[in-house]
Amino acid sequence: MPGSSEHLEKLISSLGGRGRFQNSVHILTALPVYSSIAFNNVGMAFHGSFIPHTCMAGDRLPNNSSNFTLSPPSVQLQVTNVSHTQCSSTLTYTDGQEKVIECTSGQWNYFPEYGERNIVSDFDLVCSGEYLSNLATTIYFTGVMLGGLVFGDLADRFGRRPIALFTLYTSVIAGLVSAFSVNYFMFVCLRFIVGILIQGVQMATYTLIVEMFPPKDRPYAGIATDMVFPIAIILLTGLAYALPYWRHLQLAISLLPLLSIFYVWYIPESLRWLVIKEKTQKAEKLLNRICKTNKIPYPKSTWNLLEKDTSSQEKTTEQHHVTDLFRTWPLTKVTIVSSYLWIVVAVTYFGLTFKTTALPGNKYTNFFIGGVMEFLTCCITLYMTNRFGRKKPMFGCLAGSAVFCLASGLVHSFTSDLGYVVTSLALTGKCFAGGLFVMYFVYATEVYPTVVRNIGLGFGLIWARLGSMLAPQFNQWSSVILGFDAIYVFGTLNLVGSLAVLLLPETHKRRLPDTIEQEVGGLETPEISVEQGEDIVKEDLL
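Our numbering puts the first residue of the sequence shown at 456, with every later residue one more than the last.
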């Protein structure tokens with residue numbers, strides 16, 4: 456429906472761009488939602504961080520002794536010494552013989568460097584159970600991946616707003632209950648549920664926000680939304696420091712999004728979605744509300760043309776599915792390359808995020824500095840995407856992340872005396888990955904047609920969550936299985952990704968495509984500026 460698409464872009468551009476209505480909805484939606492997303496996605500960096508520990512099994516034997524019977528049976532030896540390691544205690548007897556006792560649940564003493572208490576110490580996730588902490592993160596992101604598969608389709612069918620609100624508040628409930636987990640199994644099951652729901656929040660909300668703005672302001676909308684993420688990371692650092700017990704921290708990060716209850720009535724459905732779904736009355740009502748809030752005239756002629764084009768279209772009940780992402784070759788190419796890039800950016804960003812608390816230096820300081828650097832990266836990204844488009848900055852981020860990750864690994868391999876250099880290089884590589892995350896969300900919402908936009912974003916985020924699932928496992932097993940640190944894997948993946956991004960189309964200053972038949976990446980039509988929107992308004996006044 457090319458006519459409708461053109462008039463729809465004109466309509467959205469005539470509504471003031473970054474007007475009072477758009478900015479207020481943007482801020483009120485992004486703050487609670489993206490804070491919740493950030494808290495849940497990276498909270499395990501504190502919930503599951505390593506705590507020094509010692510096995511005290513030998514000290515907890517009755518009277519520090521053991522009936523170590525030799526031949527003849529009447530001979531019993533007394534324990535003369537007990538030595539401890541992280542996972543076992545060694546008993547030394549009067550004749551010099553030794554007996555090793557492996558620790559079981561409840562037999563460890565923990566020595567937290569910063570007074571913290573997390574699931575590692577509460578559920579004894581150490582020694583043979585050490586992998587369970589990283590497994591909890593993988594299970595959470597498995598839920599996130601499933602949420603991308605489910606809620607992308609639902610948000611395209613039933614609207615952005617209802618899916619966003621449902622998933623936000625149900626994730627809050629699941630998060631609150633998880634703070635009272637009595638064992639590891641209960642904790643990971645609830646985290647899995649939170650993961651499913653939190654992805655629905657992210658997809659529906661991000662699409663709703665971006666669809667409010669004309670092409671000129673889309674990068675601002677997407678990147679400004681993602682700026683909440685590093686701000687939330689900075690806030691999370693302070694909360695984790697102030698609330699060292701993980702249950703208290705989990706309650707705090709679950710309750711914060713409830714502040715949105717006081718203004719949830721103000722958040723509208725996407726005008727673009729309402730028009731595409733031919734919900735004319737609701738679209739017109741929202742249009743009136745936007746014009747009134749922004750104090751601009753009602754764009755009557757543009758709306759009439761759009762309504763006429765829409766009503767002249769043949770009614771269709773066609774439902775779109777994931778298979779539509781492979782209907783044409785340009786769409787197929789975008790989907791394949793995007794899937795790989797989503798894996799790369801996710802495995803790098805989350806892999807380095809979860810390594811942050813294990814890097815040399817104070818873990819709270821490292822996490823705080825990482826958040827500040829990410830925020831600055833978002834600011835730079837906003838300028839770069841407006842100035843140079845999408846492809847060039849994405850290439851720069853992939854190449855930069857590759858260089859700094861590989862450099863950090865090399866410095867760590869050659870010397871252990873430059874811990875601050877290793878940390879600085881790793882955090883810089885993480886910032887490049889964070890910048891790419893921001894850019895790629897903008898790109899993914901531009902390159903797919905409206906009818907499959909959430910499906911395309913959801914499909915891509917499935918691969919992103921596969922990367923997120925793999926990230927903690929790379930950190931856990933890379934040196935054991937591959938023989939080198941995971942940071943080399945991150946660097947190599949980014950290097951390949953920098954070449955793959957060259958295969959994608961540019962979307963800068965192009966209209967959002969509405970149907971699959973329209974060119975992927977947007978039509979070759981110049982963007983409609985705010986000034987042109989004002990001209991449209993003037994036409995409506997005549």
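Heads up, the beta-carbon is just placed ideally off N, CA and C, and yes, glycines get one too. Quick caveat: nothing in here was measured; it's all calculated off a predicted structure.
Top-ranked residue by Cα proximity to residue i, from the options
{"i": "E829", "options": "I688, L587, P567", "result": "I688"}
{"i": "R616", "options": "V800, F647, I664", "result": "I664"}
{"i": "W797", "options": "P670, K732, V897", "result": "V897"}
{"i": "S725", "options": "S636, S633, R744, L710", "result": "R744"}
{"i": "T962", "options": "V632, L880, M849, V907", "result": "M849"}
{"i": "T540", "options": "L837, Q552, A512, Y548", "result": "A512"}
{"i": "R782", "options": "I971, T592, T559, H462", "result": "I971"}
{"i": "Y661", "options": "G650, R673, V581", "result": "R673"}
{"i": "P904", "options": "R966, S863, Y696, N495", "result": "R966"}
{"i": "G816", "options": "C834, T878, L865", "result": "T878"}
{"i": "L786", "options": "N478, Y943, F914", "result": "F914"}
{"i": "G630", "options": "T547, L620, A619, V643", "result": "V643"}
{"i": "P670", "options": "V537, G952, S468", "result": "S468"}
{"i": "G693", "options": "A679, I708, M682, D681", "result": "I708"}
{"i": "M839", "options": "L882, F805, V893", "result": "V893"}
{"i": "C860", "options": "L882, G874, N841", "result": "L882"}
{"i": "Y943", "options": "L486, V951, G864, E762", "result": "G864"}
{"i": "G584", "options": "E733, L546, C542", "result": "C542"}
{"i": "R842", "options": "Y675, C510, A619, V581", "result": "Y675"}
{"i": "W758", "options": "G826, F640, L742", "result": "L742"}
{"i": "L704", "options": "G851, S626, K810, R572", "result": "R572"}
For residue i, the three-state DSSP class (helix, strand or coil)
{"i": "H963", "result": "coil"}
{"i": "N949", "result": "helix"}
{"i": "H539", "result": "strand"}
{"i": "R782", "result": "coil"}
{"i": "Y398", "result": "The question about residue 398 has no answer, for the chain in this structure spans 456 to 997."}
{"i": "P674", "result": "helix"}
{"i": "H462", "result": "helix"}
{"i": "L698", "result": "coil"}
{"i": "T970", "result": "coil"}
{"i": "L958", "result": "helix"}
{"i": "L796", "result": "helix"}
{"i": "S469", "result": "coil"}
{"i": "Y586", "result": "helix"}
{"i": "H775", "result": "coil"}
{"i": "L760", "result": "helix"}
{"i": "I594", "result": "helix"}
{"i": "L580", "result": "coil"}
{"i": "Y718", "result": "helix"}
{"i": "F505", "result": "coil"}
{"i": "G693", "result": "helix"}
{"i": "A806", "result": "Sequence inspection shows Gly at residue 806; the Ala mentioned does not correspond to that position. In this structure, G806 counts as helix in the three-state DSSP scheme."}
{"i": "Y998", "result": "Residue numbering for the chain in the displayed model covers 456 to 997; residue 998 lies beyond these limits and cannot be assessed."}
Host beta strand (DSSP E) of residue i (start-end)
{"i": "I556", "result": "553-557"}
{"i": "Y548", "result": "543-548"}
Span of the alpha helix (DSSP H), counted from its first residue to its last, around residue i
{"i": "C834", "result": "818-843"}
{"i": "H508", "result": "Careful: H508 lies outside any alpha helix (DSSP H), inside the beta strand (DSSP E) at 508-510."}
{"i": "Y565", "result": "Premise fails: Y565 lies in the beta strand (DSSP E), 563-565, not in any alpha helix (DSSP H)."}
{"i": "Y489", "result": "475-497"}
{"i": "C1002", "result": "Summary: the structure shown does not reach residue 1002, with the chain confined to residues 456 through 997, and so no result is reported for it."}
{"i": "C746", "result": "735-749"}
{"i": "M682", "result": "That residue, M682, is in no alpha helix (DSSP H); it is neither H nor E in DSSP."}
{"i": "G911", "result": "908-932"}
{"i": "S859", "result": "Per the sequence shown, residue 859 should be read as Phe rather than Ser. Counting along the chain, the alpha helix (DSSP H) containing F859 begins and ends at 846-869."}
{"i": "A707", "result": "701-710"}
{"i": "S576", "result": "574-577"}
{"i": "L814", "result": "Taken as a continuous stretch (DSSP letters only), L814 belongs to no alpha helix (DSSP H), as it is neither H nor E."}
{"i": "L726", "result": "726-731"}
Cβ neighbour criterion (16 or more within 10 Å) applied to residue i
{"i": "W701", "result": "buried"}
{"i": "F945", "result": "buried"}
{"i": "T1008", "result": "Because the chain in this structure spans residues 456 to 997, residue 1008 falls outside the shown range and cannot be described."}
{"i": "I910", "result": "buried"}
{"i": "S526", "result": "Note that S526 scores a pLDDT of 49, beneath 50, so its modelled location is shaky; the value from the coordinates is reported in the next line. Counting Cβ neighbours within 10 Å, S526 comes out exposed, since fewer than 16 surround it."}
{"i": "P507", "result": "exposed"}
{"i": "V481", "result": "The amino acid occupying residue 481 in the given sequence is His; Val does not appear at that position. So H481 counts as buried."}
{"i": "G471", "result": "buried"}
{"i": "T772", "result": "Summary for T772: the model assigns pLDDT 47, below 50, so the residue's position carries little reliability, and this model does not support an answer."}
{"i": "A926", "result": "buried"}
{"i": "P752", "result": "exposed"}
{"i": "T820", "result": "exposed"}
{"i": "L710", "result": "exposed"}
{"i": "S560", "result": "exposed"}
{"i": "N930", "result": "buried"}
> If you scan the stretch 601-671 from start to end, which runs of the alpha helix (DSSP H) of 4 or more residues do you find wholly inside it?
Replying inline: 615-633, 639-665
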